[in-house]
Amino acid sequence: MINRRKFLVKSATALAITFVVPSIISNKAHAKKPLAEKVSDKQSWGIHIDTSKCIDGCTACVDACNEENGLTGFGRPETDSQWIRKVTVKSNTTDKITTMPLMCQHCENPPCCDVCPTGASFKRIDGIVMVNQHTCIGCRYCMMACPFKARSFVHETLTQQNTNAPRGKGCVESCNLCVNRIDHGSETTACEDACNNLGHSAITFGDLNDKNSKISLAMNSNNPRRLRNDLNLDQKVFYSNI
Amino acid sequence: MAGILGVEAHDGNPHVSPGKSKADSQEACVEPTDLMRKEHYMFLLHQRDETVIDGVRTKQHSLANCVDCHVSYDNQGKAIPINAEGQFCQECHVKTATNITCFSCHAAEPRYPKHKNITSSSVKEINELANNITYDK
Ligand code: SF4
Ligand code: SF4
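From first to last, the protein sequence lines stand for chains V and B. The opening position of the first sequence corresponds to residue 6 in the working numbering, with each subsequent residue numbered one higher. The opening position of the second sequence corresponds to residue 243 in the working numbering, with each subsequent residue numbered one higher.
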């Protein structure tokens, strides 16, 4: 536990400042993509989490993710799928305790993709890292490679999946930034909606390339940083006020 | 029931449970029926890569849309999984001794609520639901 905490906060002290908001090209506010159009690098999706607004004991984002993606458990917490989990970390230097949601960090340089033998683990051109379950062979190399333990393996035969979130035994899965919603024009993820609905508003999803997007505004008025910046993974999930 | 809209669907080859799916009230599938019989998996194979890798979400060759349209309902109006014994996908695949692996991951039931009978108004409702999937509030 100490190790994990240390691990997560290691670079908190080295707070400074290698993170760069992906350069601003986009001229327009984000317009809905026609369903037939391929995604492009005009968008770069990300999440900002203001940990000062995240409430200890609240699991609304986790519950919403489970609901959105049909992540029903088997009462086996060791192996049941988790796309988001709540973690609590303590700073070694200040003893400050922070509680926050941790999901796939959507690395720009994702180790999960580096190690995948089939190319199933891939980064979409708009920055979303996901598993192509059609070609995943369930080797779980990516789970070992991910520094954030973001991925889960489905151990059991599933039925009653949600139409918008196909998933099944023998494949690895993780947060895909609600890719189906986003491709259908949603401006929010399920976890963000749930957090907003409770009035906490700790989670902000959006387009990092658009300097007027809600995530860019949230980032500007905070002090965002990446977890384990020392690994140079250039994640698209940012945390403030840790 | 198949004749409810005065149309004999699918070249006179009705579904295994005629009149119990939206497809039974349609004049044609998304491609010519002969082609669909032989090549439906090719359309699905092509679409799956476009969807997963490139985020293309068109409905024409989407598996979710196949299910929405071809699934049958029992007398209580509850959808029967399309890969259950005797159902649209399963029936042929059993005859041809081909496993369907789609539904180990994909939903075998449709997105929209129950439908007791397939009538022109329920078809309209199904179409609207399938076409207007949106997550915007
Ligand atoms: S957080 Fe883990 S699963 Fe997500 S992109 Fe990075 S290495 Fe891959
Ligand atoms: S489990 Fe699947 S996605 Fe992960 S490395 Fe193996 S083949 Fe790739």
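All C-beta atoms, glycine included, are put in the ideal place defined by N, C-alpha and C. Bear in mind the structure is a predicted one, so any value in this text is a computation, not a measurement.
*asked:* Going by the DSSP bridge assignment, what does V:THR254 pair with across the sheet?
replied: Chain V is shown only over 6 to 247; residue 254 of chain V falls outside these bounds and no answer can be derived.
*At least one CB of chain V closer than 8 Å to the CB of B:ILE295: is that the case?*
yes
_Whole-number beta carbon distance between V:CYS121 and V:CYS147, since they are thought to touch under 8 Å_ = 6 Å
*Assumed close pair V:LYS37, V:GLY211 - CB separation to whole angstroms, cut-off 8 Å*: In fact, because the Cβ distance is near 14 Å, the residues do not count as touching under 8 Å.
*Give me the Cα-Cα distance between B:THR343 and V:CYS59, rounded to the nearest whole angstrom.*
41 Å
*Within its chain, find whatever has a CB closer than 8 Å to the CB of V:LYS174; leave out the 5 residues flanking it on each side and keep chain order.*
Taken in chain order, the residues that qualify are VAL159, HIS160, GLU161, THR162 and LEU163.
*Which chain V residues are close to B:VAL298, counting only those with a beta carbon under 9 Å from its beta carbon?*
LEU40, ALA41, GLU42, LYS43, VAL44 and ASP188
_Proximity test, Cβ basis, 8 Å: V:ASN201 and chain B_ = It does not: the Cβ of V:ASN201 has no partner Cβ on chain B nearer than 8 Å.
_Continuous beta strand (DSSP E) stretch holding V:ARG186: start and end_ = No beta strand (DSSP E) contains V:ARG186, which is instead part of the alpha helix (DSSP H) from 184–188.
*Please confirm if B:ALA306 has its CB atom under 8 Å from at least one CB of chain V.*
yes
*Could you please give me the residues that DSSP links to B:ALA321 through a beta bridge?*
B:TYR315
_Quick check on the burial criterion: 16 or more other C-beta atoms within 10 angstroms. Buried or exposed for V:ARG231?_
buried
*Chain-ordered chain B contacts of V:ASN167 [CB-CB under 8 Å]*: ALA349
*Using the beta-carbon of each residue, which ones in chain B are nearer than 9 Å to V:GLN138?*
VAL294 and CYS347
*Return yes when the C-beta of V:ALA125 is under 7 Å from any heavy atom of ligand 1, and no when it is not.*
Distance from the C-beta of V:ALA125 to the nearest heavy atom of ligand 1 is not below 7 Å.
*With respect to 7 Å, is the separation between the Cβ of B:PHE345 and the closest non-hydrogen atom of ligand 1 below this value?*
no
*Regarding V:CYS151 and ligand 2, is the C-beta to nearest heavy atom distance less than 7 Å?*
no
*With DSSP collapsed to three states, give me the class of V:VAL2.*
In the structure displayed, chain V extends from 6 to 247; residue 2 of chain V sits before or after that span and is not available.
*Using a cut-off of 8 Å between C-beta atoms, extract the partners of V:PRO171 located in chain A.*
Looking for chain A here will not work: the only protein chains present are V and B.
*Measure the C-alpha to C-alpha separation of V:THR140 and V:PHE127 and round it to an integer number of angstroms.*
Approximately 11 Å, taken between the alpha carbons.
_Between V:PRO152, V:GLN165 and V:ILE130, which has its C-alpha nearest V:ASP235's C-alpha?_
V:PRO152
*asked:* Just verifying my parser: in three-state terms, what is the DSSP assignment at V:LYS128?
replied: strand
_Under 7 Å: does the beta carbon of V:LEU238 sit that close to some heavy atom of ligand 1?_
yes
*List the residues of chain B whose Cβ lies closer than 9 Å to the Cβ of V:LYS174, in chain order.*
SER346 and CYS347
*Proximity test, B:SER314 beta-carbon vs ligand 1 heavy atom, cut-off 7 Å*: no
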